[in-house]
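S.K.: Residue numbers (my numbering), protein chains in the order written: chain A, 1 to 328; chain B, 1 to 328.
Even glycine gets a Cβ: it sits at the ideal position worked out from N, Cα and C.
Starting off with a structure, shown below.
There are 2 protein chains.
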Amino acid sequence: MAVATERARRPDSFSQAVKESVAARDLCPFCPGHEAMTPPEVLAYRAPGMPANGEGWWIRVVPNLYAAFRPEPDGQEQRAGRFWQRDAIGACEVLISSPDHRAPTSTLPRRQVEEMVQAYVDRYRHHAQNAWVEHVLILYNHGRPAGASLEHPHSQLYAIGLEAPAFADELDGARGFYRANAACVFCRTLEDERRAATRIVFENEAFVVFAPYAARTPFETWIMPRRHTASFGDLDPSREKPAFAEALQLTLRALQEGLNDPPFNYFIHSAPAKADVADAYHWHLELIPKLSTAAGFELGTGMWINVVKPEDSAAFLRERIQKVAEPA
Amino acid sequence: MAVATERARRPDSFSQAVKESVAARDLCPFCPGHEAMTPPEVLAYRAPGMPANGEGWWIRVVPNLYAAFRPEPDGQEQRAGRFWQRDAIGACEVLISSPDHRAPTSTLPRRQVEEMVQAYVDRYRHHAQNAWVEHVLILYNHGRPAGASLEHPHSQLYAIGLEAPAFADELDGARGFYRANAACVFCRTLEDERRAATRIVFENEAFVVFAPYAARTPFETWIMPRRHTASFGDLDPSREKPAFAEALQLTLRALQEGLNDPPFNYFIHSAPAKADVADAYHWHLELIPKLSTAAGFELGTGMWINVVKPEDSAAFLRERIQKVAEPA
Chain A
1 MAVATERARR PDSFSQAVKE SVAARDLCPF CPGHEAMTPP EVLAYRAPGM
51 PANGEGWWIR VVPNLYAAFR PEPDGQEQRA GRFWQRDAIG ACEVLISSPD
101 HRAPTSTLPR RQVEEMVQAY VDRYRHHAQN AWVEHVLILY NHGRPAGASL
151 EHPHSQLYAI GLEAPAFADE LDGARGFYRA NAACVFCRTL EDERRAATRI
201 VFENEAFVVF APYAARTPFE TWIMPRRHTA SFGDLDPSRE KPAFAEALQL
251 TLRALQEGLN DPPFNYFIHS APAKADVADA YHWHLELIPK LSTAAGFELG
301 TGMWINVVKP EDSAAFLRER IQKVAEPA
Chain B
1 MAVATERARR PDSFSQAVKE SVAARDLCPF CPGHEAMTPP EVLAYRAPGM
51 PANGEGWWIR VVPNLYAAFR PEPDGQEQRA GRFWQRDAIG ACEVLISSPD
101 HRAPTSTLPR RQVEEMVQAY VDRYRHHAQN AWVEHVLILY NHGRPAGASL
151 EHPHSQLYAI GLEAPAFADE LDGARGFYRA NAACVFCRTL EDERRAATRI
201 VFENEAFVVF APYAARTPFE TWIMPRRHTA SFGDLDPSRE KPAFAEALQL
251 TLRALQEGLN DPPFNYFIHS APAKADVADA YHWHLELIPK LSTAAGFELG
301 TGMWINVVKP EDSAAFLRER IQKVAEPA
């Protein structure tokens, strides 16, 4: 658990928190012309000759102004008996995927989605090489019920100096399967899913989109490269990048059009640079629509109750994706 | 992960789900006079001579009409390669804590809170003795953002034939600590917390209320018996029951009045009947206000970011609880 008082409001202001709405457009720090509202950019794709931190960009990456982690490799530890804490070490960035305040990924030109993916790769590689980084997570929150606090479409990157428990569990499972079977559990899952076919949503030459067998929520969907690759940083630019952009965009479009633009989260799970799991792990994207509320049962048990079978979710999205697919 | 299509709506109706409001009063199945809207009661406290499933009750427990689990001890398993499923075995009940549609626990007469606790104990013991039951969870969801689908105050009970992962992790930790130290980790925590004092919210003769060291959310609060007891079913009726009712009600009242009635979840973690952990485990209640949204970061990492230090949460609630405490 991370304590981040940098983000804090006063305790007595919490009563208002649930009633806040997203920032209005004229105050949006991610819109062109408002570049001075963010910390200086760490990456931008813009026309040649245009100065940094001005207009003219089509992708812009900036440090998160409300960072839960700080990039201090020499963070301190404190112990008092069994009570132990250390500084929250890490980098937090915001990846603005388009100058257009109102353009979600599902409606961007395909070429722009590829540029967003390229920015993911660039920043992933940048952080994964740092010695103190244990884990790099790239994620997207869509809609306020899914935790988006600003309306302008943006992804987030966290590079942290800790093992992430949810990811560590997955990694341990993959390592165990590899030891027992000398095979990647994700490659095996792709084979099984393609044979069963009932949970497949979409396939192209380099990616498979499917509803996982133990889906946590209605319409949970995974996007996985067919080529065995542990690290997202190894995305092949000529073959895999456009295929990933296509798979992601069509899935998001099917979700948006089929389910009336529901809130969702997605994140990329990728093996940490240092972990020696090149054979056992297989990077992928997990997309989790927010159509129900985790309540006392989920908190108390750590279990999810899913009211839709993954086969039904997949059939619904498969049909939709055929309707929304267009030539790239 | 549990699939519960009994609860399902059609996929294309999900787009409306987030916009639903709580049921209006004249349709409330939990109000007196509407007893026929629920399955027949499994427990009720009512005046002598009044017939079952009519009015006159002050506590009423009924099976959950939208049960995610079904009480079928002979549930089936299916295997297809590595894909494995079994029937969701369990009992789901609703504990209606007052005939008054508008009376949350924080405003009930203290005597009524004790009756609610008695109903918790009665139903806990009833289910914990069943051979197929692995875990009994009693929980409360308050407010729609915390998953309450009906406004009339009610608790829920799940008796399930599975290990619950979140609880199993806690149990493993307690077992490990006991093996290493021949002591209960929760008893030790109570000692440490009382010595540190900074995270204590309230104490009475039998319970300690405190903000846990690694609080997941602002104002997360635990209520723990001072007496070492693994099972909630062993709550002492003369000494502990009124003290638990007091601690719970004052904490909820401080939360409601101090933070403008925020949504919250609470649940009771109690050692399963069969688990041989009488020495290692210590039952308690975990109260988790819903003041922020779990988003991509929390889903992707399994970590929580808390924007308020537990010491500040505790100081705020400690001050509030002094204001709201009245003689029982």
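Could you name the residues of chain B that F167/A contacts, counting a contact when the two beta carbons are closer than 9 Å?
M.R.: The contacting residues are G300, T301, G302.
S.K.: Have a look at D236/B, D279/B, C92/B and flag the residue whose alpha-carbon is nearest the alpha-carbon of R175/B.
M.R.: The residue with the shortest Cα to Cα distance from R175/B is D279/B.
S.K.: From this set, A36/B, P63/B, T293/B, which residue's C-alpha is nearest P51/B's C-alpha?
M.R.: Out of A36/B, P63/B, T293/B, A36/B has the C-alpha closest to the C-alpha of P51/B.
S.K.: Return no unless some Cβ of chain A is closer than 7 Å to the Cβ of E319/B.
M.R.: False, the Cβ-Cβ gap to chain A never drops below 7 Å.
S.K.: Quick one: which residues of the region 275 to 298 of chain B get their C-beta closer than 9 Å to a C-beta of chain A? List them in chain order.
M.R.: For the region 275 to 298 of chain B, which is checked against every Cβ of chain A, the residues closer than 9 Å are E286, I288, P289, K290, L291, S292, T293, A294, A295, G296, F297, E298.
S.K.: To which residues of the same chain is L31/A closer than 8 Å at the C-beta, ignoring the five residues directly before and after it?
M.R.: For the sequence presented, residue 31/A should be read as Cys rather than Leu. So the qualifying residues of the chain are R25, P99, H101, H152.
S.K.: Nearest by alpha-carbon distance to G296/B: which of W58/A, H228/A, A164/A, G296/A is it?
M.R.: If we check each option's Cα against that of G296/B, A164/A comes out closest.
S.K.: Nearest by alpha-carbon distance to G233/B: which of P272/B, S106/B, V113/B is it?
M.R.: Of P272/B, S106/B, V113/B, the residue nearest in Cα terms is P272/B.
S.K.: Residues of chain A with CB closer than 7 Å to the CB of N141/B, please, in chain order.
M.R.: Result: A295, G296.
S.K.: Using a Cβ-Cβ distance cut-off of 7 Å, determine whether D192/B contacts chain A.
M.R.: Yes, D192/B lies at the interface with chain A (some Cβ there is under 7 Å from its Cβ).
S.K.: Using a Cβ-Cβ cutoff of less than 8 Å, which residues in the same chain neighbour P39/B once the five nearest sequence positions on both sides are dropped?
M.R.: Taken in chain order, the residues that qualify are V62, P63, L65.
S.K.: When DSSP builds the beta bridges, which residues end up paired with P289/A?
M.R.: Per DSSP, F264/A.
S.K.: Taking 7 Å as the CB-CB limit, is Y213/B close to chain C?
M.R.: Checking the listed chains, one finds no chain C in this structure; the protein chains it contains are A and B.
S.K.: Go ahead and pull the three-state DSSP assignment for G258/A.
M.R.: Of the three classes helix, strand and coil, the one that applies to G258/A here is helix, per DSSP.
S.K.: For the region 291 to 306 of chain A and the region 133 to 147 of chain B, state whether three or more C-beta atom pairs, one from each stretch, are separated by less than 8 Å.
M.R.: The region 291 to 306 of chain A, when compared against the region 133 to 147 of chain B, does touch it at the 8 Å Cβ threshold.
S.K.: In chain A, which residues lie with their C-beta within 8 Å of the C-beta of Y178/B?
M.R.: Near Y178/B there are no residues of chain A at all, since even the closest Cβ is about 14 Å away, more than 8 Å.
S.K.: Classify V185/A as helix, strand or coil using the three-state DSSP reduction.
M.R.: The answer is helix: DSSP assigns V185/A an H, G or I state.
S.K.: Tell me whether the region 121 to 135 of chain B and the region 228 to 244 of chain B touch, counting them as touching only if at least three CB pairs, one residue from each stretch, are closer than 8 Å.
M.R.: Touching, yes.
S.K.: Determine the burial state of Q16/A: buried for a count of at least 16 other Cβ atoms within 10 Å of its Cβ, exposed for fewer.
M.R.: Bear in mind that a pLDDT of 39 at Q16/A, under 50, signals an unreliable position, so the number given afterwards is only what the model happens to contain. Burial call: exposed.
S.K.: Mark E220/A as exposed unless 16 or more other C-beta atoms lie within 10 angstroms of its C-beta, in which case mark it buried.
M.R.: Result: buried.
S.K.: What did DSSP end up calling F297/A once you bin it into helix, strand or coil?
M.R.: Three-state DSSP puts F297/A in a helix.
S.K.: Given a limit of 7 Å on CB to CB distance, which residues of the region 81 to 98 of chain A reach chain B?
M.R.: Within the region 81 to 98 of chain A, the qualifying residues are G81, R82, F83.
S.K.: Select from N204/B, L190/B, E205/B the residue whose C-alpha is nearest the C-alpha of T198/B.
M.R.: Checking every option, the nearest Cα to that of T198/B belongs to L190/B.
S.K.: Can you tell me the Cα-Cα spacing of N181/B and Q85/A, whole angstroms?
M.R.: If I take the Cα positions, the gap works out to 22 Å.
S.K.: For A44/B, collect the residues of the same chain with a Cβ closer than 6 Å to its Cβ; drop the 5 residues on either side in sequence, then sort them by chain order.
M.R.: Cβ within range, chain order: W57, R60.
S.K.: Is there a Cβ from chain B that is less than 7 Å from the Cβ of G173/A?
M.R.: Taking Cβ atoms only, chain B never reaches closer than 7 Å to G173/A, which makes this a no.
S.K.: When you compare the CB positions of F69/B and I160/B, do they come within less than 7 Å of one another, or not?
M.R.: Yes, Cβ-Cβ distance for F69/B and I160/B is below 7 Å.
S.K.: For A146/B, which residues in chain A fall below 8 Å Cβ to Cβ?
M.R.: By Cβ distance, chain A contributes T293, A295, G296.
S.K.: Just the chain A side, please: which residues come within less than 8 Å of Q156/B by C-beta, in chain order?
M.R.: Those within 8 Å of Q156/B in chain A are G296, F297.
S.K.: Spatial neighbours of V22/A within its chain, please: CB distance less than 8 Å, with the 5 preceding and 5 following residues excluded, ordered by chain position.
M.R.: Its pLDDT being 49, under 50, V22/A is placed unreliably in this model, and the value from its coordinates should be taken loosely. Once the five neighbours on either side are set aside, the close Cβ partners of V22/A are R144, A148, S149, L150, E151.
S.K.: Whose C-alpha, out of C184/B, W304/B, E115/B, is nearest the C-alpha of Q249/B?
M.R.: Minimum Cα distance to Q249/B is reached at E115/B.
S.K.: Anything in chain A within Cβ reach of A164/B, meaning under 8 Å, just list it in chain order.
M.R.: Ordered by position in chain A, the residues that pass the 8 Å Cβ test against A164/B are G300, T301, G302, M303.
S.K.: Residues of chain B with CB under 7 Å from N265/A, in chain order?
M.R.: Simply A295, G296, L299.
S.K.: Taking 7 Å as the cut-off, decide whether the C-beta atoms of S299/B and N204/A are in contact.
M.R.: The sequence shown places Leu at residue 299/B, rather than the Ser named in the question. No.
S.K.: Suppose only complete runs of 4+ residues qualify. What are the alpha helix (DSSP H) ranges in the region 84 to 128 of chain B, listed by chain order?
M.R.: Those alpha helix (DSSP H) runs which fall completely within the region 84 to 128 of chain B and span 4+ residues are 110 to 128.
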